[in-house]
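Residue numbers (the numbering used here), protein chains in the order written: chain A, 168 to 691; chain B, 19 to 415. From the three backbone atoms N, C-alpha and C, an ideal C-beta is built for every residue, glycine too. Since the model is a prediction, treat every value here as computed from it, not as a measurement.
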């Protein structure tokens, strides 16, 4: 009866999901502005402290009836545009005196300020949080309401093609740290009102803007609800990266397989959106999350659709093959040499045993050593500055490859096997980390039990992969729930004019994606 | 936690640890079996891959004799394998044994029972090749090689070229056992011997040993072996020489061959019709005669006669001298008359097969018309249809 309480809790959660969406508002306690501007200034100073980037200025504005009124302007240097404040706020207020309207003084000021967005706010606490995100607060003497003016200007790096998702034929832009810029990339590609963005703020302290992007009418509403619900239930102090959100909302947080994908490419992101997927952008992080993300997506590349189908299909098969090689080659090698010696091709056995004879270590240790050395070289190469990188590659190639063989520490076939396995992993970079782990696990299993161990471990991993879901969507679709129509674009990519339907593996509301194709010269 | 302990204790319960480092084993590539001088004992010799070479094992430089030959005497094969540990200092691994050579003396003395552990033991590969030698089998394994490091490897690579030669009939262990356990219990095994090329000794394949029940009863020479090839429908290629007269000789290269055997059993009387259909090209034509329809028929008849004579010689030897049926005749009869077979198989070899009336029909065909013309083209060159410029020459005539 132990499981009873679990089920009860589950049902309770299903019936009344705890809405945490307003939790962030909790510390935005209701605190009205004072009508006295000096009191307001003191209060703001008290709340914000004496940080040098906080600028609180008071100045006098002359109104159209000739009377003057004191005005306070609160902004944070560096995240606001001084140009906007000067031209659109200060200059317009000084050059075009606002109306004198004792009851609607705030509205009168609002009319004269010419920034793109402006709203009236009456909660001081909330106003402070907005200011910290780049807004400008304008308070008028004698009024208990303030004006919140849009003047954000974040520092932005130049737009570059992401290093880890390069393509030969395709657009060369990439996401940046500023979500607004990223959203503009998507808008550029999908100019339809159905493209929706929804922003929430996560983190008590960091107040990170998290934006969900989807296409209404294509994305599955149930999936969307699930994503929103998961995000709403996140309650923590700060969000450091999109990877953190990924691990918080995925279905299988303890699995080694990532069930939520990521991309830095706008063209890829918009293709994903058109599939019916949901994207999550996190402020301050150029990596957007893709939900759902299936195993087959690791094998596919955006570039496959840009060029003709034949070579793309060949490359996809190659990627599959590379994945299998990468995870199982060292395991197969040790099973062949230590257990099932019959499976070594007879012509290959002479060079293999000649190489093994001079190595002083057991084969398992030899391979483990090589795997660890490769991991060290790889990890060092990632972190090193480029100037030292070349030195590292010389050390890596020469010491690990050439000298260790001639010194008799490692056999040449072992180096071939391990390095082939590593190089294959780089064909599918999106799950290179999983590949590295799988390789070690399969190797361990088969160094104890031989081919039998390899097969059992592989079966275990396949069973695990089939059981995975990406926010409710089966991870191994279109294979494990078999959708034959999706096979047109799974391992082999059929010609574009045959791919008329959205993938069934990704839940969507709009089945047909290609309505008509031109009839070309009467040939199919 | 409980589960974890349970699962990890499963690892301790596993009984047989069969992880053996490859450098702790001696890999046998070829095995020779001979009759020992001691009574009832086997002389077993093995060819082991030498794990180190003079260059420290980094490269695959082929120094002559990259193998170790060991020899021991024991009652059984398995006993010998254990005995070898004393001399080899490592456990012998027979999983890569690709060649089994049986000495003729042993072969003539119920040798099949000695091969039993090949099938029974789990680590032996059954697709290795079997030979019988009239020399000492140890010497066969110890002959110098032309290309490979190991004599056995070279023997195996020879057998992969077999389709270009008519006289070699390789047999794998499982094929041998299939024959031995078939309806007739007879088999054939290719012979191997040590030949001499200038001063070097090297292995040479030729001839076929005839196995009746479980011992070798005789031997077919190379020409008779070709006849056996036809009889067991195992001809895949090869050349047939056709001498027209002293000077003019032709070669006929077989591209396709099929033997059909139609037995007719009446009581204990057997009538067999052997139909051989051959397709082939004229590979070599040194005659000066013009290729005409009549000439082709003449050649085809000569081929037919040659093949028929070849088959007849082999068949006569098998029927009269050896009284052993290693052809497909017995097998076909068994399939056509499965009920009658029970009654006759006891005296099949001695009576029915030996006295069978065999008709041989050979039907050969020359294909590839382009290869059928005369050997010299001088005469043809001036003929108008061979002149590519005949249109222009007619203009300026």
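Residue i classed as buried or exposed, judged by whether at least 16 other C-beta atoms fall within 10 angstroms
i	result
residue 338 of chain B	exposed
residue 663 of chain A	exposed
residue 515 of chain A	exposed
residue 197 of chain A	exposed
residue 315 of chain A	buried
residue 10 of chain B	There is no way to answer for residue 10 of chain B, as the model of chain B reaches only from 19 to 415.
residue 122 of chain B	buried
CB of residue i within 8 Å of CB of residue j, strictly
i	j	result
residue 115 of chain B	residue 60 of chain B	no
residue 304 of chain A	residue 241 of chain A	yes
residue 177 of chain B	residue 169 of chain B	no
residue 135 of chain B	residue 88 of chain B	no
residue 465 of chain A	residue 595 of chain A	yes
residue 501 of chain A	residue 610 of chain A	yes
residue 215 of chain A	residue 295 of chain A	yes
residue 387 of chain A	residue 443 of chain A	yes
residue 296 of chain B	residue 323 of chain B	no
Selected residue, minimal CA-CA separation from residue i, among the options
i	options	result
residue 519 of chain A	B:118, B:40, B:20	B:40
residue 109 of chain B	B:121, B:42, B:349	B:42
residue 692 of chain A	A:578, A:471, A:496, A:649	The structure shown does not extend to residue 692 of chain A, since chain A is modelled only from 168 through 691, so no value can be given for it.
residue 372 of chain B	B:282, B:117, B:364, B:334	B:334
residue 172 of chain B	B:47, B:151, B:275	B:47
residue 505 of chain A	A:616, A:494, A:603	A:616
residue 253 of chain B	B:192, B:298, B:210, B:162	B:298
residue 385 of chain B	B:36, B:272, B:248, B:265	B:272
residue 341 of chain A	A:571, A:636, A:437	A:437
residue 301 of chain B	B:267, B:279, B:276	B:267
residue 164 of chain B	B:221, B:190, B:38, B:312	B:221
residue 353 of chain B	B:258, B:293, B:280, B:341	B:280
residue 408 of chain A	A:357, A:353, A:539, A:453	A:453
residue 231 of chain B	B:91, B:382, B:66, B:363	B:363
residue 680 of chain A	A:458, A:535, A:668, A:366	A:668
residue 459 of chain A	A:643, A:210, A:627, A:225	A:643
residue 591 of chain A	A:496, A:292, A:567	A:496
residue 140 of chain B	A:614, A:628, A:635, A:508	A:508
Residue i versus residue j - alpha carbon distance
i	j	result
residue 492 of chain A	residue 215 of chain B	47 Å
residue 560 of chain A	residue 547 of chain A	10 Å
residue 213 of chain A	residue 599 of chain A	51 Å
residue 349 of chain B	residue 62 of chain B	34 Å
residue 270 of chain B	residue 285 of chain B	41 Å
residue 232 of chain A	residue 276 of chain A	14 Å
residue 282 of chain B	residue 201 of chain B	17 Å
residue 355 of chain B	residue 361 of chain B	10 Å
residue 250 of chain B	residue 50 of chain B	27 Å
residue 532 of chain A	residue 577 of chain A	10 Å
residue 265 of chain A	residue 373 of chain A	37 Å
residue 290 of chain B	residue 379 of chain B	11 Å
residue 245 of chain B	residue 153 of chain B	25 Å
residue 488 of chain A	residue 658 of chain A	11 Å
residue 619 of chain A	residue 474 of chain A	42 Å
residue 75 of chain B	residue 584 of chain A	With a pLDDT of 42 at residue 75 of chain B, under the threshold of 50, the modelled position of this residue cannot be trusted; read the value that follows with caution. Roughly 18 Å separates the two Cα atoms.
residue 625 of chain A	residue 426 of chain A	19 Å
residue 183 of chain B	residue 259 of chain B	13 Å
Range covered by the beta strand (DSSP E) that runs through residue i
i	result
residue 150 of chain B	147 to 151
residue 85 of chain B	85 to 92
residue 455 of chain A	455 to 458
residue 365 of chain A	362 to 369
residue 261 of chain A	That residue, residue 261 of chain A, is in no beta strand (DSSP E); its alpha helix (DSSP H) goes 259 to 262.
residue 257 of chain B	256 to 261
residue 47 of chain B	43 to 53
residue 382 of chain B	375 to 384
residue 120 of chain B	117 to 121
Closer than 7 Å: residue i CB and nearest the ligand NAP heavy atom
i	result
residue 383 of chain A	Questions concerning the ligand NAP fall outside what the structure shown contains, since it holds no ligand whatsoever.
Limits of the unbroken alpha helix (DSSP H) element including residue i
i	result
residue 375 of chain A	Unbroken run through residue 375 of chain A is the beta strand (DSSP E), 375 to 382; no alpha helix (DSSP H).
residue 504 of chain A	476 to 505
residue 212 of chain A	204 to 215
Worksheet item: Using a Cβ cut-off of 8 Å, which residues of the region 494 to 525 of chain A contact any Cβ in chain E, in chain order?
Response: The displayed structure is made up of protein chains A and B, and chain E is not among them.
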